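Below you'll find the structure, written out as structure tokens, and then a few comments.
Residue numbers (my numbering), protein chains in the order written: chain E, 678 to 1086; chain D, 335 to 564; chain L, 139 to 547.
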């Protein structure tokens, strides 16, 4: 081993307790950072997936302005043929057309205003998890049957069960009175209150007839192979739309801008917390290295008098710090990785998560995501700050003059 | 009653794989008001004996009595009390608490004893004057010479009027003139206050001040001379 | 007491012996404490705002319903108590405010669109101070009295319905016999709220007008009560309980919206965890500093022991030194927190992520809340844990053997 390395290493262990305490601060912060960052990334992934798999999908074709206003007349004309041709072009089943209307749903004793989706029974299950969440009865099967599936809270509020009839009252595309009588064939339970209370689904063709849609609908949902595939799908679909059409292709972030922003808001508050932790570690390092330089003033004075340049001593201090930082980073990443892996397989829950899950469509247990990035990001930042903290102690050596240094008792 | 009585003290240290007998069946009896010098070459056992008398070190066997009270079987707290109330110490170096001024160092023992502040100030002023440090009361140890520091230590050792003062190589770091002044001070205090002094030293000049000279070698007393009638 | 004086003086002077180390450590503690309190104030501000906004919309701290109403919010589950009886029970019972209201689900339609809303029949005089918006800030005007014929809706809902002040809308709901009851209203005012969701959800009409439309005489579906502080609603709850019998269900806000109740607990937990985590990050530096301080002073400690100071006093001296360091750091941190939060109390604009915050039910202005109790909590936790962390180095110092310590080079 190089003599400088050996010197640095030995110096580091002159005060083993001090070195371990300083390293301990790094390890503590690193464990925390690895764990929290893994948890966040796991949660963000789930948040996006959960939110998108209900209705949004990855990409939608809509009439321009529909996303903001949700007005009946902002239609995608001839929506079923268009959806078919998108399916063919993308060579994918994960494309489905929908219409949406507001209607008054009345059972024998109760009436509530709800949102009605007209869906393609054959394809809806490819883009949404609602068909899979039917807990009672079955999902829609036939394209234009007078059938409906409703949310569990809505069913309770309407005092209805599978097999009962519902009357839908609303207004059609032209503003005229629209009505239909449908049979409840299924009840879904998504766990999210707002969805289970306000949403029902009927076949798209029935929807078009009831609301006089003239073959139109409101959205074509496309789900791709992960979020990475979104831009490609988007441009393919975009190229299929006639130039003069009023239609737009939106990606999930445009459809639901809140999602990314919620993540950004959460990230920025987390980063503030991480930064504080890292700064506290830097203080610890600064203190230790400054002490270590000051108590060696005499020793440094002697070697400087022997002709060693202060710069080399400064580098020695930096090397010591780097060694300490590396120990902290490696131990921290290892311990953090172990801890996080345990939670990755067991999941993590804390009080209040059930309520949050029901409100925000979050999972009731969180599973942190361990990968190279989540393992190394925190320790790397801590290491950089550690080195920054050592700059002042290292520079102090340069200002030292050998005779003064030796005079210090 | 004797001020210090040691009966058959033994103490063995392990150094490497060798046992060193620092005290080998040592018995002495020091009367009140005596001025005793313990002299021995390095490793002769004088510091060990001094520490045993001062309750800083517990002998392996034997008994130590201070003013008739047996102390070798006391616990740490009781020993601390004995040291605090009966014994004044002057060490070779690092005698003073660096963050306290000369006066505060002198008052330290009294303060821990719980002496009221008016009395403390009176006593410390008087004793600092007696040891020739008038005007330097507010200096910190780092602002004083070695001789001055030792005089502060002596002042502290005698300020609370202990019956017994133990000094371990008090002149080791002093030049000969300062050492002479310090010994003169010891002698004067010994005569004025009838304080018992036990000084461990290998400084020939110090020994000339002593009323009684005890020589040790390899943990045993080899010579016990009464230089003056005590 | 005199002994304490000596120990205190020694501790204080020793603290400033190595002033660089002390200042760095003070910096670390100051930053740590600042972060504890600053972050807590931001979180409190956010959650408080969310809870207060949500309670304002509920509204009230305590609500009274027919026992079946929460599960089946229909006018048939109204309370059969006359206005006069309510007045007799609750007027002069010492509530900050109370109001009987009619709350039913309804469908609101303009010529262009229909939506579901919660229809609220209110008495504007009784609601003053309960309502989540200020009557004077309503565009147009608010209801004048309980038999006002107009309707006040949210700004966002008006946009969706393409309606506005002076235009007519139709409200449709059910009467107790499950017959559709509808009536036309003229829009007289538009209110604003912190979130779009609230602006879409509620329509206000005169209580008497709704009672007439629904044929329910002078009965109401809910009575809401306000207490002085949402954190302490027990007195109000008990007062309502003692004035009523089993025929109604009385619930506190955190029972009505369990999510909100949980959030309060989750936030308290978060604050404590955050404070402890920051302290732990600091504790390494603190212990390190004390270990170094003791290490440098071995000989003096030996001397003091030799002079007859009891080991307990040595322990005390180190602890006092540690507490002094912490106290100074705490003072700096608390002051810094106060000085940074006060200028921010007019609100921090975080509307860049407004859509995201709305997902969490949070408005886009953040008002940090500096509670004395949080400052005390942080200070108390730091002092307590700091005391515990100092015990080990202090104990080691007190265990020195005087002779060995003095001769240690």
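For each residue, glycine too, the CB sits at the ideal point set by N, CA and C. The structure presented is a predicted model; accordingly, all values stated were derived computationally and were not measured.
- Between the segment 522-541 of chain L and the segment 458-471 of chain L there are three or more C-beta pairs closer than 8 Å, enough to call the two in contact.
- When Cβ-Cβ separations below 8 Å define contact, residue 348 of chain D makes no contact with chain L.
- Burial state of residue 356 of chain D is buried, judged by a 10 Å Cβ sphere holding 16 or more other Cβ atoms.
- About 7 Å separates the beta carbons of residue 959 of chain E and residue 1065 of chain E, which is inside the 8 Å limit, making them a contact pair.
- One finds nothing in chain E with a Cβ atom closer than 9 Å to the Cβ of residue 529 of chain L; even the nearest lies about 15 Å away.
- Taking 8 Å as the cut-off, the Cβ atoms of residue 319 of chain L and residue 311 of chain L count as close.
- Residues of the segment 404-419 of chain D with a C-beta atom less than 9 Å from some C-beta of chain L are 410, 411, 413, 414, 415, 416, 417, 418 and 419, listed in chain order.
- Against chain L, the CB of residue 393 of chain D has no partner CB under 8 Å away; the residue lies outside that interface.
- Taken in chain order, the complete alpha helix (DSSP H) segments of 4 or more residues contained in the segment 175-231 of chain L are 221-228.
- Taking the Cα of residue 420 of chain D as reference, the smallest distance to any Cα among D:461, D:493 and D:475 is reached at D:493.
- For residue 702 of chain E, the residues of chain L that pass the 7 Å Cβ criterion are 419, 422 and 423, in the order they occur in the chain.
- Straight-line spacing of the CA atoms in residue 386 of chain L and residue 709 of chain E works out to 49 Å.
- One thing to note: residue 773 of chain E has its Cβ within 8 Å of the Cβ of residue 801 of chain E.
- Residue 860 of chain E sits in a strand when the DSSP states are folded into three classes.
- Taking each of E:804, E:793, E:721 and E:692 in turn and checking the Cα distance to residue 901 of chain E, the smallest one comes out for E:804.
- With contacts defined by Cβ atoms closer than 8 Å, residue 155 of chain L and residue 433 of chain D form a contacting pair.
- Annotation: the continuous beta strand (DSSP E) that includes residue 310 of chain L extends over 306-312.
- No Cβ-Cβ contact shorter than 8 Å links residue 213 of chain L with residue 339 of chain L.
- For residue 448 of chain D, the chain L residues whose Cβ falls inside 8 Å of its Cβ are 140 and 141, in order along the chain.
- In this structure, residue 949 of chain E places its C-beta atom within 8 Å of the C-beta atom of residue 177 of chain L.
- Residue state for residue 705 of chain E is assigned as helix, using DSSP reduced to three classes.
- With 16 or more neighbouring CB atoms inside 10 Å of its own CB, residue 489 of chain D falls in the buried class.
- Residue 393 of chain D sits in coil when the DSSP states are folded into three classes, being neither helix nor strand.
- Note that the C-beta distance between residue 224 of chain L and residue 241 of chain L is not below 8 Å.
- In the three-state scheme derived from DSSP, where H, G and I count as helix and E and B as strand, residue 172 of chain L is classed as helix.
- Bounds of any beta strand (DSSP E) do not take in residue 472 of chain D, whose DSSP letter is neither H nor E.
- By the neighbour-count criterion, in which 16 or more other beta carbons inside 10 Å mark a residue as buried, residue 522 of chain L falls on the exposed side.
- If you keep only unbroken beta strand (DSSP E) runs of at least 3 residues inside the segment 355-400 of chain L, you get 360-364 and 387-390.
- By the 16-neighbour rule on beta-carbons within 10 angstroms, residue 150 of chain L is exposed.
- By the Cβ test, the segment 365-384 of chain D is in contact with the segment 529-539 of chain D, since at least three Cβ pairs between them sit closer than 8 Å.
- Here residue 483 of chain D has 429, 430 and 475 as same chain residues with Cβ atoms under 7 Å from its own Cβ, once five neighbours each way along the sequence are excluded.
- Counting only residues of its own chain and dropping the five nearest sequence neighbours on each side, residue 544 of chain L has a CB closer than 8 Å to the CB of 437, 440, 441 and 444.
- Residues of chain D with a Cβ closer than 7 Å to the Cβ of residue 151 of chain L are, in chain order, 433.
- In its chain, beyond the 5 residues on either side, 241, 242, 243 and 359 have a beta carbon closer than 8 Å to the beta carbon of residue 211 of chain L.
- CA-CA distance, residue 1030 of chain E to residue 943 of chain E, rounds to 16 Å.
- Under DSSP, residue 358 of chain D forms a beta bridge with D:344.
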